[in-house]
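According to this note's numbering, the stretch in the sequence shown is residues 164 to 323, in order.
Here the structure is laid out as structure tokens; the discussion comes afterwards.
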Amino acid sequence: MVVLVAQAPITGRKPLQPRNSSSSPLDTNPKPKPKPNLDENNKENVHNYSTPAKKEKEHHFQISELLDASLAEELSAIRQKLERLRIDKDKTDEMLRGRSLLLDSQMKELVDRGVLQKQLEIEVDRLFRLKEIKLSCCKSMSPIRSLRQKEQASKIQTES
164 MVVLVAQAPI TGRKPLQPRN SSSSPLDTNP KPKPKPNLDE NNKENVHNYS
214 TPAKKEKEHH FQISELLDAS LAEELSAIRQ KLERLRIDKD KTDEMLRGRS
264 LLLDSQMKEL VDRGVLQKQL EIEVDRLFRL KEIKLSCCKS MSPIRSLRQK
314 EQASKIQTES
């Protein structure tokens with residue numbers, strides 16, 4: 164006779180706790196394990212515990228030396244960068260001063276040219292007015308004719 168029993172499928176994993184947690188109550192306050200006295204249990208290994216402290220101090224010292232070295236490297240790199248920036252700033256300031264002097268000289272030259280041009284305009288205006296005055300004076304007051312005008316007048320009369 165074959166008996167069929169329904170079982171849970173086997174997954175290959177065991178549960179962490181039994182299924183009926185009420186059947187086996189858990190201790191909520193487990194007792195702490197007493198620490199063994201090292202002097203009594205390991206009398207031979209006492210020196211082993213003191214050397215890691217020295218090694219730890221040496222390790223700490225090495226770490227601090229490494230940190231100091233890396234900080235010193237960073238500090239020197241920052242100082243070099245600041246020095247480069249200062250040199251660049253000095254070069255830029257010198258270049259700007261040179262350009263400023265050049266622009267100032269060009270501005271002065273332009274102002275001088277403007278003043279000279281204004282003076283020349285005034286002189287041209289005076290000469291033009293003087294010529295106009297001279298022409299107007301000569302036309303109205305000149306009873307004396309020039310030799311050329313006399314010759315032209317005589318030619319006109321002979322032709323007619």
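For every residue, glycine included, the Cβ atom is placed at its ideal position computed from N, Cα and C.
Runs of the alpha helix (DSSP H) lying entirely within the region 242 to 322, each at least 4 residues long, are 310 to 322 in chain order.
In the three-state reduction of the DSSP assignment, Leu229 falls in the helix class. Here Leu179 carries a coil assignment [DSSP, helix/strand/coil].
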